[in-house]
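Engineer: Taken in order, these protein sequences are the chains called Z and H. Numbered continuously in the working numbering, the first sequence closes out at residue 393. Numbered continuously in the working numbering, the second sequence closes out at residue 786. Here a beta-carbon is modelled for each residue, glycine too, at the ideal position from N, C-alpha and C. Before we start, here is the structure in question, set down as structure tokens.
Protein chains: 2
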Amino acid sequence: MNGRSTGAGDSAHRPSFELLVAPQGGAGPRAGILRTSRGEVPTPAFMPVGTRGAVKGLTVGCLREMGASIILANAYHLAMRPGEKLIAGLGGLHRFCGWNGPILTDSGGYQVFSLAASRRISEEGVEFRSPVDGSVRFFSPEGVIGIQAMLGSDIVMPLDICPPGDAPPAEVEEAVERTLRWAERSVRAAAGTLAAGQALFAIVQGGTDERLRRRSAEASMAIGGFGGFAIGGLSVGEDPARTMETVRLTAPMLPADLPRYLMGMGRPGDIVRAIGFGADMFDCVLPTRNARNAQAFTSRGTIRLRSAAFAADGSPIDPDCDCETCRHHSRAFIRHLFLAGDMNAAILTTIHNVSFYLRLVRDARAAILEGRFEAFRDGFLARLPEGGTPGAR
Amino acid sequence: MNGRSTGAGDSAHRPSFELLVAPQGGAGPRAGILRTSRGEVPTPAFMPVGTRGAVKGLTVGCLREMGASIILANAYHLAMRPGEKLIAGLGGLHRFCGWNGPILTDSGGYQVFSLAASRRISEEGVEFRSPVDGSVRFFSPEGVIGIQAMLGSDIVMPLDICPPGDAPPAEVEEAVERTLRWAERSVRAAAGTLAAGQALFAIVQGGTDERLRRRSAEASMAIGGFGGFAIGGLSVGEDPARTMETVRLTAPMLPADLPRYLMGMGRPGDIVRAIGFGADMFDCVLPTRNARNAQAFTSRGTIRLRSAAFAADGSPIDPDCDCETCRHHSRAFIRHLFLAGDMNAAILTTIHNVSFYLRLVRDARAAILEGRFEAFRDGFLARLPEGGTPGAR
Chain Z
1 MNGRSTGAGD SAHRPSFELL VAPQGGAGPR AGILRTSRGE VPTPAFMPVG TRGAVKGLTV
61 GCLREMGASI ILANAYHLAM RPGEKLIAGL GGLHRFCGWN GPILTDSGGY QVFSLAASRR
121 ISEEGVEFRS PVDGSVRFFS PEGVIGIQAM LGSDIVMPLD ICPPGDAPPA EVEEAVERTL
181 RWAERSVRAA AGTLAAGQAL FAIVQGGTDE RLRRRSAEAS MAIGGFGGFA IGGLSVGEDP
241 ARTMETVRLT APMLPADLPR YLMGMGRPGD IVRAIGFGAD MFDCVLPTRN ARNAQAFTSR
301 GTIRLRSAAF AADGSPIDPD CDCETCRHHS RAFIRHLFLA GDMNAAILTT IHNVSFYLRL
361 VRDARAAILE GRFEAFRDGF LARLPEGGTP GAR
Chain H
394 MNGRSTGAGD SAHRPSFELL VAPQGGAGPR AGILRTSRGE VPTPAFMPVG TRGAVKGLTV
454 GCLREMGASI ILANAYHLAM RPGEKLIAGL GGLHRFCGWN GPILTDSGGY QVFSLAASRR
514 ISEEGVEFRS PVDGSVRFFS PEGVIGIQAM LGSDIVMPLD ICPPGDAPPA EVEEAVERTL
574 RWAERSVRAA AGTLAAGQAL FAIVQGGTDE RLRRRSAEAS MAIGGFGGFA IGGLSVGEDP
634 ARTMETVRLT APMLPADLPR YLMGMGRPGD IVRAIGFGAD MFDCVLPTRN ARNAQAFTSR
694 GTIRLRSAAF AADGSPIDPD CDCETCRHHS RAFIRHLFLA GDMNAAILTT IHNVSFYLRL
754 VRDARAAILE GRFEAFRDGF LARLPEGGTP GAR
């Protein structure tokens, strides 16, 4: 609008990563800066999820104010509606959604495989019916690179195969191998398609199997051409006790000088632990989705804002929080809005929850930079009634 | 929260009104300042409607940013849920809803009479069943003053009788007389109940009958003790051609030195016309409610944001608007969000619509102060395709 630049013209440069604090021996918490043409992302970073281009409940001004530096959108959802061509015609995804900072787009492979009706997977790609209009669509590794090239996202994710958490070992292994073959095709496609400012990440699969994770990581590194490495295939129904252990084992397998993105998880305790294992980037729908269901995250655990216990509670959601919601509103008021079916209940709780996640990674980063991460992590986990999520610390 | 003051302690003073521009001969547009213990309200003023304490779709920070100086809440709705005692126990309505500027509370008489189940009206008051819990409740003129005293609203509205727009003359006349008897009781109750910073307004009824309007206005003035005068009983189903004519006739009947509040209406053209007739304060659910139904107000008339015509429209809702929505987002994006069922569609459209109304009264005020209101009004109405709403200009 009004002549605003999309922020990535001729001067666009490929995203680069600088580590400010790197662990001794390769395993441990890191602090860095991911530099993109549209701005810097201090890491560890949390990416609020704006599946269809908007983070539900938050304006872009609100996101900026609470300190978001990068958001996530979903190429599959945007390709289904309104379509990548329409978005490209309007100047690209940043201009379309009004967020001029960095955007990572997930390919949506996970959504295609888990949600789309009548999907048919082959070596070539996946055929499925659009849930929007029922039309038959085909996603290939090359196709999703093309979609994200048109969207103009700063970080591009390849099409991968993410088997369910209870898949048999043979299926997990085949997913790793096909994901690797698709990764090669993606790198080739990216070379001819992506703009200067766009980086392609690799996705490491392998379920909770250390050998397969290593195979996936090493073969991806051998392919080369990736600007970062993601850990996929977790929080998809596997034994929860194995989730964090897999993060702990996998993170050090990844290149030390590139950002590591733990896809689609998790709870605050998970994120703090994963930071300790060397993960740099996170996304999760919990702070936004759970806010709409009246669940708020606090430094002492989660609370259900519809609870009668809060009917006359004049204290803010989280006494340790300085977000706009906690500065102005009590639990009693937000509960009142939830009971009245007022959309502001979801808005106010989303503001708090996303602020909580953003502050969590900011605080973790400060602790890493000041050499006191372990104390920060242990103190944070000790305050959670559930002690975080089960699994390795 | 966090020690914030409610802003109206010992230094609370009764709201006062200063006219900066007053029309020659009593009829015509006015510009003034309504001063309350919680801040100044430049008039003409539009009050965004926060029935249950929140303006749907907008945070208090957002309201401040777009220039709202006063909001409206509904004593009836708040008394039904969460209850005035609970709100008083949490420090009053301002602290409860997090808005520390002035608040006008409607008594909710209109809602009781038009919405509540099994209502039974007597000279004493009205008995009805709470739509929240089915309990039998009783509202009297004294009772609603007491409720608003507990809420701590800056401007208090009395219980009145608002007959439907097609009521026979005898019913309208009886409504005027009972409203006057209730006004007397309200003034007596207010004297012993309201705090120093609270002002009680009168409500003038009389349908579209000039004689009854005059009777209502003059008898209310004779009662005395009011800090302002409201014109009620319009936009309730009467012949639309009579609505603005009634405003034109009634406004000059009211005290020149007190604020005049035109209750519950209307469309942008109505408001501009009513300002020309000497009304000072307005509230209306249209900008918020219609936003949630994808209708946006613009300087060229209303548009339906779900329309296929906007599918690839990269221009903002209103090219003449500088609100947060129009600065960052296109019609195509907001349409996409409406089709996807994303709550941000309603949020972004609400930001625009309320900004539009607030700017409209701000522009009208500037025009009055600069002695060019007629040109402003005529130019504004000429740009609307429908020429505003039928009725007298």
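Phe690 (chain H) to Arg682 (chain H), Cα distance in whole Å?
Structural biologist: Taking the second sequence and counting its residues from 1, the one referred to as residue 690 (chain H) is at position 297. Taking the second sequence and counting its residues from 1, the one referred to as residue 682 (chain H) is at position 289. Each residue's alpha carbon lies about 12 Å from the other.
Engineer: Does Phe675 (chain H) come within less than 8 Å of chain Z when only Cβ atoms are used?
Structural biologist: By 1-based counting over the second sequence, the position of residue 675 (chain H) is 282. No, no contact with chain Z.
Engineer: Rounded to a whole number of angstroms, what is the C-alpha to C-alpha distance between Ile351 (chain Z) and His329 (chain Z)?
Structural biologist: Taking the first sequence and counting its residues from 1, the one referred to as residue 351 (chain Z) is at position 351. Taking the first sequence and counting its residues from 1, the one referred to as residue 329 (chain Z) is at position 329. Distance between the alpha carbons of Ile351 (chain Z) and His329 (chain Z) is about 12 Å.
Engineer: Can you tell me where the alpha helix (DSSP H) with Pro633 (chain H) in it begins and where it stops?
Structural biologist: Stepping through the second sequence from its first residue, residue 633 (chain H) is reached at position 240. Start and end: 633-643.
Engineer: Mind pulling the chain H residues with CB within less than 7 Å of Pro385 (chain Z)?
Structural biologist: Taking the first sequence and counting its residues from 1, one reaches residue 385 (chain Z) at position 385. Going along chain H, no residue has its Cβ under 7 Å from Pro385 (chain Z), so there is no contact; the nearest lies around 23 Å.
Engineer: Going by the CB atoms, is the gap between Ala420 (chain H) and Leu413 (chain H) shorter than 8 Å?
Structural biologist: Reading the second sequence from its first residue, position 20 is the one you call residue 413 (chain H). Reading the second sequence from its first residue, position 27 is the one you call residue 420 (chain H). In this structure, Ala420 (chain H) does not lie closer than 8 Å to Leu413 (chain H) by Cβ.
Engineer: Go through its chain and collect everything with a Cβ distance to Asn2 (chain Z)'s Cβ below 6 Å, but skip five positions before and after it.
Structural biologist: Locating residue 2 (chain Z) in the first sequence gives position 2, counting from the first residue. Confidence at Asn2 (chain Z) is low in this model, with a pLDDT of 35, below 50, so the placement of that residue should be treated as unreliable; the coordinate-derived value is given next. Cβ within range, chain order: n/a, list empty.
Engineer: Taking Cβ-Cβ distances below 9 Å as the criterion, which residues of the region 56-74 of chain Z are in contact with chain B?
Structural biologist: This model lacks chain B altogether; the protein chains it does include are Z and H.
Engineer: Report the partner residues of Pro202 (chain Z) according to the DSSP bridge assignment.
Structural biologist: Locating residue 202 (chain Z) in the first sequence gives position 202, counting from the first residue. In the sequence as displayed, the identity of residue 202 (chain Z) is Ala instead of Pro. DSSP output for Ala202 (chain Z) lists Z:Phe229 as bridge partner(s).
Engineer: When we look at the beta-carbon of Asp632 (chain H) and count the other beta-carbons within 10 Å, is it buried (16 or more) or exposed?
Structural biologist: Numbered from its first residue, the second sequence carries residue 632 (chain H) at position 239. Its Cβ having fewer than 16 others within 10 Å, Asp632 (chain H) is exposed.
Engineer: Can you check DSSP and say which residues form a bridge with Ser692 (chain H)?
Structural biologist: Taking the first residue of the second sequence as position 1, residue 692 (chain H) is located at position 299. Beta-bridge pairing links Ser692 (chain H) to H:Gly694.
Engineer: Alpha carbon to alpha carbon, how far is Pro169 (chain Z) from Arg397 (chain H)? Give it in angstroms, no decimals.
Structural biologist: Here residue 397 (chain H) refers to the residue found at position 4 when the second sequence is read from its first residue. Here residue 169 (chain Z) refers to the residue found at position 169 when the first sequence is read from its first residue. With a pLDDT of 37 at Arg397 (chain H), under the threshold of 50, the modelled position of that residue is not reliable, and the figure given next carries that caveat. If I take the Cα positions, the gap works out to 59 Å.
Engineer: Nearest to Gly206 (chain Z) by CA position, among Z:Pro164, Z:Gly225, Z:Gly152, Z:Asp342, is which residue?
Structural biologist: Taking the first residue of the first sequence as position 1, residue 206 (chain Z) is located at position 206. Taking only the C-alpha atoms, the option nearest Gly206 (chain Z) is Z:Pro164.
Engineer: With a threshold of 7 Å on Cβ separation, who are the neighbours of Ser299 (chain Z) within its own chain once the five nearest residues in sequence on each side are excluded?
Structural biologist: As a first step, residue 299 (chain Z) is located in the first sequence; it is residue number 299 there, counting from the start. So the list reads Asp318, Asp320, Arg383, once near-sequence residues are dropped.
Engineer: Let me know the secondary structure DSSP gives Arg666 (chain H) once reduced to three states.
Structural biologist: Indexing the second sequence from 1 puts residue 666 (chain H) at position 273. Correct three-state label for Arg666 (chain H): helix.
Engineer: Going straight from the alpha carbon of Thr325 (chain Z) to that of Asp209 (chain Z), what length do you get?
Structural biologist: Translated into the one-based positions of the first sequence, residue 325 (chain Z) becomes position 325. Translated into the one-based positions of the first sequence, residue 209 (chain Z) becomes position 209. In a straight line, the C-alpha of Thr325 (chain Z) is about 42 Å away from that of Asp209 (chain Z).
Engineer: Check for me: the alpha helix (DSSP H) holding Phe731 (chain H) runs from which residue to which?
Structural biologist: Walking along the second sequence from the start, residue 731 (chain H) turns up at place 338. Note, Phe731 (chain H): alpha helix (DSSP H), 724-732.
Engineer: What's the gap between the Cα of Ala438 (chain H) and the Cα of Ala644 (chain H)?
Structural biologist: Within the second sequence, residue 438 (chain H) is the residue found at index 45, counting from 1. Within the second sequence, residue 644 (chain H) is the residue found at index 251, counting from 1. Roughly 16 Å between the two C-alpha positions.
Engineer: Hey, Asn737 (chain H) and Ala54 (chain Z): beta-carbon distance below 8 Å or not?
Structural biologist: Your numbering for residue 737 (chain H) matches position 344 in the second sequence. Your numbering for residue 54 (chain Z) matches position 54 in the first sequence. Yes, these two residues count as a Cβ contact at 8 Å.
Engineer: Anyone know if the C-beta pair for Ile464 (chain H) and Ile514 (chain H) falls short of 8 Å?
Structural biologist: The sequence position of residue 464 (chain H) within the second sequence is 71, counting from 1. The sequence position of residue 514 (chain H) within the second sequence is 121, counting from 1. No, these two residues do not count as a Cβ contact at 8 Å.
Engineer: Can you pull the chain H neighbours of Arg81 (chain Z), defined as C-beta to C-beta under 8 Å?
Structural biologist: Looking up residue 81 (chain Z) in the first sequence gives position 81. Going along chain H in sequence order, the residues near Arg81 (chain Z) (Cβ under 8 Å) are His729, Leu732, Ala733.
Engineer: Could you have a look at Val442 (chain H) and say whether DSSP puts it in helix, strand or coil?
Structural biologist: Along the second sequence, read from residue 1 onward, the residue named residue 442 (chain H) stands at position 49. Note: Val442 (chain H) maps to strand in three-state DSSP.
Engineer: For Val112 (chain Z) versus Val126 (chain Z), is the C-beta spacing smaller than 8 Å?
Structural biologist: Locating residue 112 (chain Z) in the first sequence gives position 112, where the first residue counts as 1. Locating residue 126 (chain Z) in the first sequence gives position 126, where the first residue counts as 1. The answer is yes: Cβ separation under 8 Å.
Engineer: Name the DSSP bridge partner or partners of Met674 (chain H)?
Structural biologist: Start at 1 with the first residue of the second sequence, and residue 674 (chain H) comes out as number 281. Its beta-bridge partners are H:Ala438, H:Tyr654.
Engineer: Could you pull out every residue in the same chain whose Cβ sits closer than 6 Å to the Cβ of Ile624 (chain H), ignoring the five residues on either side in sequence?
Structural biologist: Translated into positions along the second sequence, residue 624 (chain H) becomes position 231. These residues qualify, in order along the chain: Val597, Thr643, Leu655.
Engineer: Locate the beta strand (DSSP E) running through Phe128 (chain Z), then write down its first and last residues.
Structural biologist: On the first sequence, residue 128 (chain Z) is found 128 positions in, with the first residue counted as 1. Unbroken beta strand (DSSP E) run through Phe128 (chain Z): 126-129.
Engineer: Which residues of chain Z have a Cβ atom closer than 7 Å to the Cβ of Ile540 (chain H), listed in chain order?
Structural biologist: Reading the second sequence from its first residue, position 147 is the one you call residue 540 (chain H). The contacting residues do not exist; Ile540 (chain H) stays about 16 Å from chain Z at best.
Engineer: Using a Cβ-Cβ cutoff of less than 6 Å, which residues in the same chain neighbour His470 (chain H) once the five nearest sequence positions on both sides are dropped?
Structural biologist: The residue you call residue 470 (chain H) lines up with position 77 of the second sequence. Around His470 (chain H): Thr444, Arg445.
Engineer: I need the DSSP call for Thr59 (chain Z), collapsed to helix, strand or coil.
Structural biologist: Here residue 59 (chain Z) refers to the residue found at position 59 of the first sequence. In the structure shown, Thr59 (chain Z) sits in coil (DSSP, three-state: anything other than H, G, I, E or B).
Engineer: Report, in whole angstroms, the separation of the C-beta atoms of Arg593 (chain H) and Phe619 (chain H), which I expect to be a contact under 8 Å.
Structural biologist: The count along the second sequence starts at 1 and reaches residue 593 (chain H) at position 200. The count along the second sequence starts at 1 and reaches residue 619 (chain H) at position 226. The amino acid occupying residue 593 (chain H) in the given sequence is Leu; Arg does not appear at that position. Sure, about 6 Å apart at Cβ, within 8 Å.
Engineer: Do Ala217 (chain Z) and Leu438 (chain Z) come within 8 Å of each other at the CB atom, strictly closer than that value?
Structural biologist: The question about residue 438 (chain Z) has no answer, for chain Z in this structure spans 1 to 393.
Engineer: With distances taken Cα to Cα, identify the nearest neighbour of Ala309 (chain Z) among Z:Ala332, Z:Asp106, Z:Ala149.
Structural biologist: As a position in the first sequence, residue 309 (chain Z) is number 309, starting the count at 1. The candidate whose alpha carbon is nearest that of Ala309 (chain Z) is Z:Ala332.
Engineer: Using the Cα positions of Ile761 (chain H) and Arg488 (chain H), report the straight-line distance between them to the nearest angstrom.
Structural biologist: The sequence position of residue 761 (chain H) within the second sequence is 368, counting from 1. The sequence position of residue 488 (chain H) within the second sequence is 95, counting from 1. Going from the Cα of Ile761 (chain H) to the Cα of Arg488 (chain H) covers about 35 Å.
Engineer: Using a Cβ-Cβ distance under 8 Å, would Phe622 (chain H) count as near chain Z?
Structural biologist: As a position in the second sequence, residue 622 (chain H) is number 229, starting the count at 1. False, the Cβ-Cβ gap to chain Z never drops below 8 Å.
Engineer: For a cutoff of 8 Å on Cβ pairs, would you count Gly446 (chain H) as touching chain Z?
Structural biologist: In the second sequence, counting from the first residue as 1, residue 446 (chain H) sits at position 53. Interface residue, yes.
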